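Let me begin by presenting the structure, written as structure tokens, before commenting on it.
In this note's numbering, the protein residues as written are 118 to 391.
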């Protein structure tokens with residue numbers, strides 16, 4: 118999620134929808150500038166560790182086995198792993214290794230996620246993924262839609278459309294719904310409450326639209342936010358906005374079981390739905 122620098126758009130949206138007074142608008146506008154100053158703008162690109170991971174934990178390896186399961190990651194900076202300290206700590210790597218261990222098959226990780234992406238950008242990522250449709254795909258997107266003020270209904274409908282494209286190509290799709298931005302402490306109150314409510318509304322809309330098209334979803338807000346609130350110094354990267362390696366490991370631990378269940382790789386998993 119690289120959209121903090123555009124929080125002013127959210128303030129404008131709040132003003133038009135809620136009829137903010139001049140004083141309230143000034144307060145929120147000032148808070149958005151303060152948040153941008155504290156967080157800053159990262160010029161770092163997410164690390165990449167695409168390749169084949171083996172059931173014994175080895176990888177990435179250069180020789181690709183013929184029976185490798187292809188696992189694609191699409192979405193924004195959270196999907197790409199911006200903030201992770203090393204390649205081994207990327208969420209895609211955690212999940213590729215987990216899928217390999219649970220399935221007993223090699224897993225080829227392919228990352229299409231791009232930092233700063235909104236749901237309107239997802240179609241280009243899906244276009245590339247469908248050149249060689251993956252067996253399993255994880256999508257995490259929505260945070261930048263919130264911080265740029267995209268309409269909730271529009272965002273959720275676009276997500277369902279792109280997830281359906283993957284599904285029609287034979288890909289098993291799981292979506293991590295929009296996280297709760299209340300955990301981002303550099304966003305001051307009451308602005309943080311506004312973005313939190315907007316993000317949670319988007320997560321609910323994402324789930325409804327995904328349920329409609331038969332795509333599974335996992336609530337990142339419900340399943341990870343409590344830990345991030347309790348342990349921010351342990352789970353956030355230095356920008357205090359993106360997770361660090363430990364934060365991504367926590368998220369991967371929440372996502373692995375639904376991915377395995379959706380792909381039919383194991384039995385007995387309880388699906389953690391959004």
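Cβ coordinates follow ideal geometry from the N, Cα and C atoms, glycine included. Only a predicted model underlies this, so the values are computations on that prediction, with no experimental measurement involved.
- DSSP places residue 334 in the uninterrupted beta strand (DSSP E) bounded by 333-335.
- Taking 7 Å as the cut-off, the beta carbon of residue 193 is found closer than this to the beta carbon of residue 258.
- Judged by pairs of C-beta atoms under 8 Å, the segment 264-277 does not touch the segment 193-204, as fewer than three such pairs exist.
- Residue 171 sits away from residue 250, with the two beta carbons spaced by 7 Å or more.
- Between residue 290 and the set 276, 253 and 282, the nearest pair of CA atoms involves 253.
- For secondary structure counted as the alpha helix (DSSP H) over 4 or more consecutive residues, the segment 242-327 holds these complete runs in sequence order: 260-264 and 269-285.
- Between residue 190 and residue 228, the C-beta gap is smaller than 7 Å, which places the two residues in contact.
- DSSP, read as helix, strand or coil, puts residue 189 in strand.
- Three or more Cβ pairs drawn from the segment 293-311 and the segment 331-339 lie within less than 8 Å of each other, which places the two stretches in contact.
- Here DSSP, grouped into helix, strand and coil, assigns residue 207 to coil.
- By the 16-neighbour rule on beta-carbons within 10 angstroms, residue 210 is buried.
- Around the Cβ of residue 183, a 10 Å sphere holds fewer than 16 other Cβ atoms; the residue is exposed.
- Residue pairing by DSSP places residue 360 opposite 353 in a beta bridge.
- The DSSP-derived three-state label of residue 228 is strand.
- Beyond the five residues adjoining it in sequence on each side, residue 168 comes within less than 8 Å, by CB distance, of 176, 177, 178, 179, 225 and 226 in the same chain, given in chain order.
- With respect to the 7 Å criterion, residue 368 and residue 163 are not classified as neighbours on the basis of their beta carbons.
- Under DSSP, residue 168 takes part in a beta bridge, and its partners are 226.
- Take the alpha-carbon of residue 231 and the one of residue 239: they are about 9 Å apart.
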